[in-house]
Structure formats: C-alpha cells, structure tokens
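In what follows, a structure is listed as structure tokens, so that the remarks can point back to it.
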Amino acid sequence: MVKSIRTDGDGMFRSDIFISHCKELGIDVIDRNQELHELINTAAYIRHLDNEWNEQVRMKLNEKAKIKIVEYKPGDKFMYRKNMDGKFSSLYQGPFIVLEDLGTKVTFKSKSGRVMTASKAKIKRFLGKE
C-alpha cells in the first residue's frame with residue numbers, strides 16, 4: 025500500500041480536502057518543491073560554512089608566513105629576473121648596481137645608461153665576482 029504521495033509542484037494533489045483526506049488515511053503528502061527548496065538552502069549553508077573555513081585557514085597561513093624584508097644599499101649588485109624567452113635561455117640578466125632603494129623597488133642604471141626601476145620581487149642579490 026502507498027504510504028506517501030509526491031507532488032510535482034504543478035498543483036496536482038494540492039487541494040486542502042485531498043491533503044486532509046490523505047492524513048486521515050495515514051498517507052504522507054510530500055511536496056517536491058519544498059524538498060528542493062530545503063536542499064538548495066542546505067547547499068547554500070554548507071557553501072557558506074566552507075567559505076568561512078577557507079577564509080580562516082587563509083588568514084592563519086598569512087599570519088604564519090615569514091616576511092623577508094630585503095634592503096639594498098647603493099652600490100650593491102643584483103641580478104634581474106627576466107621573462108622566460110625559451111627553455112634554454114638564462115633566467116637572470118645582470119649584474120646591475122643599485123642606485124637607490126625605494127621600498128618595494130630599486131633604481132639602477134642599465135647597460136645602455138638609462139636609469140630604470142625594478143621590483144624587489146624580480147631581483148636577487150648578486151654574490152659572484154665581476
């Protein structure tokens with residue numbers, strides 16, 4: 025014997041008389057739209073919790089990250105990381121001499137004589153002899 029009737033949201037089996045008659049007989053009426061709505065709400069809540077958790081993990085990792093502050097003095101030598109041209113090309117060009125440290129950037133004189141700036145993220149201290 026059927027213990028439940030599922031509605032498909034088009035209004036079929038939705039009359040109050042039919043629902044009360046089904047309850048008298050012990051038959052549950054399940055509205056599919058309500059189930060889908062509950063599933064969507066549950067998924068949204070889970071997504072919200074996941075986003076919160078990811079944000080907390082990111083914040084903890086950022087707090088643990090060691091910030092390496094590199095300061096260059098005028099006269100220091102460095103190598104400049106260039107964009108990769110090919111598989112066998114060198115990664116760095118230089119050495120160049122620092123003219124001034126600007127915080128996140130340094131100024132230097134190129135081989136052609138132009139004064140240029142470079143981000144500290146793209147330079148590396150030169151330890152060799154030249």
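In the working numbering, each residue's number is its place in the sequence shown (first place is 1) plus 24.
Backbone N, C-alpha and C fix where the C-beta goes; we use that ideal spot for every residue, glycine too.
Practice item. From the DSSP output, read off the bridge partner residues of Q117. Key: Stepping through the sequence shown from its first residue, residue 117 is reached at position 93. Note: Q117 sits in a beta bridge opposite Y104.
Practice item. Give the secondary structure of K47 by DSSP, where H, G and I count as helix, E and B as strand, and everything else as coil. Key: Your numbering for residue 47 matches position 23 in the sequence shown. It is helical.
**Study point:** Cβ neighbour criterion (16 or more within 10 Å) applied to Y96
**Key:** Translated into the one-based positions of the sequence shown, residue 96 becomes position 72. With 16 or more other Cβ atoms within 10 Å, it is buried.
**Study point:** Contacts around W77, its chain only, beta-carbon distance under 6 Å, and the 5 residues preceding and following it disregarded
**Key:** Here residue 77 refers to the residue found at position 53 of the sequence shown. Within the same chain, no Cβ atom closer than 6 Å to the Cβ of W77 is found once the five residues on either side in sequence are excluded.
Check your understanding: What is the residue span of the beta strand (DSSP E) that V139 lies within?
Key -> Along the sequence shown, one-based indexing puts residue 139 at 115. Taken as a continuous stretch (DSSP letters only), the beta strand (DSSP E) holding V139 covers 139 to 143.
Review point. If you draw a straight line from the alpha carbon of P98 to that of G110, how long is it in whole angstroms?
Key: The residue labelled residue 98 in the question sits at position 74 within the sequence shown. The residue labelled residue 110 in the question sits at position 86 within the sequence shown. Taking the straight line joining both Cα atoms gives about 32 Å.
Check your understanding: Does the region 140 to 150 come close enough to the region 78 to 89 that 3 or more CB-CB pairs lie under 8 Å?
Key -> In the pairwise beta carbon analysis, the region 78 to 89 is classified as not touching the region 140 to 150: fewer than three pairs are separated by under 8 Å.
Review point. In three-state DSSP terms, what is L123?
Key: In the sequence shown, residue 123 corresponds to position 99, counting from 1. Strand.
Practice item. Flag this pair as touching only if the region 70 to 85 and the region 100 to 117 have three or more C-beta atom pairs under 8 Å; answer yes or no. Key: With a cut-off of 8 Å, the region 100 to 117 and the region 70 to 85 do not count as touching, because too few Cβ pairs lie within range.
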